[in-house]
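Residue numbering for the sequence shown is 610 to 793, as defined by our numbering. No residue lacks a Cβ here, since even glycine has one placed at the ideal position from N, Cα and C.
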Amino acid sequence: MNDKTIIYVARHGETDYNEQDRVCGISEGMLTEYGRQQARMLGERIRRTHIDRVFVSPLKRAIETADIALEGSGLTYTVEPRLTEHNFGRCEGVPRLDPVFQYAKRNLGVKQPGGDSFIQLCHRAYGLIEDLGRTYRGESILLVCHGTLGRAIRTYFVDMSNDDIYNYNMDNCELVRYELDALK
Numbered sequence: 610m611n612d613k614t615i616i617y618v619a620r621h622g623e624t625d626y627n628e629q630d631r632v633c634g635i636s637e638g639m640l641t642e643y644g645r646q647q648a649r650m651l652g653e654r655i656r657r658t659h660i661d662r663v664f665v666s667p668l669k670r671a672i673e674t675a676d677i678a679l680e681g682s683g684l685t686y687t688v689e690p691r692l693t694e695h696n697f698g699r700c701e702g703v704p705r706l707d708p709v710f711q712y713a714k715r716n717l718g719v720k721q722p723g724g725d726s727f728i729q730l731c732h733r734a735y736g737l738i739e740d741l742g743r744t745y746r747g748e749s750i751l752l753v754c755h756g757t758l759g760r761a762i763r764t765y766f767v768d769m770s771n772d773d774i775y776n777y778n779m780d781n782c783e784l785v786r787y788e789l790d791a792l793k
């Protein structure tokens with residue numbers, strides 16, 4: 610039996626918030642037509658990839674992306690609350706270059722006003738990754754989630770400086786592959 614668990618991470622398709630360059634964490638941004646097209650293209654990549662299980666954020670943009678991408682694949686998904694995006698608190702909906710948002714984004718231990726810090730998000734993401742690795746050892750898992758959560762997941766697998774974390778951006782419907790060694 611292969612002890613490595615493969616974790617694929619996909620970000621949802623483009624939303625109205627993305628199109629307007631606004632912060633969208635736990636807010637319910639809606640997929641644009643281009644976002645739906647991205648989800649169809651993600652589906653083509655998924656059909657060429659071996660996937661055993663799929664877990665999806667409970668936010669509508671991730672669920673719609675998964676519904677479109679998995680259509681005709683024979684795969685179903687489980688909604689996983691720990692895949693919910695970062696809670697940006699009072700910065701939900703502000704322009705991405707808003708100084709309050711940028712300050713907390715750059716300072717990983719600083720909570721977004723009324724929300725969470727990036728370190729808190731990492732704590733949630735790391736727990737999920739380790740639970741999946743123990744429960745589905747040797748399987749191939751797809752997580753359909755969000756940009757900042759994708760950044761947090763990346764820090765589990767890749768050593769990154771604070772600047773690397775700040776500058777890392779996961780594109781809409783990008784599919785990233787990680788290998789997780791067996792966990793005890």
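Burial state of Ser666 (16 or more Cβ within 10 Å) | Ser666 is buried by the Cβ-count criterion.
Would you say Gly723 and Arg705 are within 8 Å of each other, going by their C-beta atoms?
-> Contact flag unset, no.
Quickly, what does DSSP pair Arg620 with across the bridge? List them, please.
-> BP columns for Arg620 point to Cys754.
Quick one: give me the first and last residue of the alpha helix (DSSP H) that Val709 is part of.
-> Boundaries of the alpha helix (DSSP H) harbouring Val709: Pro708 to Arg715, taken from the DSSP string.
Taking the alpha helix (DSSP H) that Phe727 falls in, what are its first and last residues?
-> Under the DSSP assignment, Phe727 falls in the alpha helix (DSSP H) whose first and last residues are Phe727 to Thr744.
Endpoints, beta strand (DSSP E) assigned at Arg654 | Judged by DSSP secondary structure, Arg654 falls outside any beta strand (DSSP E) and instead within the alpha helix (DSSP H) spanning Glu642 to Arg656.
Validate contact between the segment 727 to 741 and the segment 681 to 699 using beta carbons, cut 8 Å, 3 pairs = Touching, yes.
Member of Tyr765, Val688, Ser726 and Cys754 whose CA lies at the smallest distance from the CA of Leu651 | Comparing C-alpha distances from Leu651 to each of Tyr765, Val688, Ser726 and Cys754 shows the shortest one belongs to Cys754.
Between the CA atoms of Val709 and Tyr686 - distance to the nearest angstrom | Whole-angstrom Cα-Cα distance: 36 Å.
Coarse secondary structure for Leu684, derived from DSSP in three states | Leu684 falls in the coil class under three-state DSSP.
Kindly give me the distance between the Cβ atoms of Leu717 and Arg670, rounded to whole angstroms, as I take these residues to be in contact under 8 Å.
-> Rounded, the Cβ-Cβ distance is 24 Å, inconsistent with contact.
With a Cβ-Cβ cutoff of 8 Å, do Ala675 and Val663 count as a contact?
-> Going by beta carbons, Ala675 and Val663 fall inside the 8 Å limit.
Residue interval of the alpha helix (DSSP H) (run including Glu788) = Element bounds for Glu788: not the alpha helix (DSSP H) but the beta strand (DSSP E), Leu784 to Leu789.
In the DSSP assignment, what residue or residues form a beta bridge with Arg631?
-> The partner list for Arg631 (beta bridge, DSSP) reads Pro704.
Check the C-beta distance from Ile762 over to Val618 and give it rounded, since I have them as a contact under 8 Å.
-> The Cβ separation is near 5 Å, so the contact holds.
Does the beta-carbon of Asp768 have 16 or more other beta-carbons within 10 angstroms, so that it is buried, or is it exposed?
-> Under this definition Asp768 is an exposed residue.
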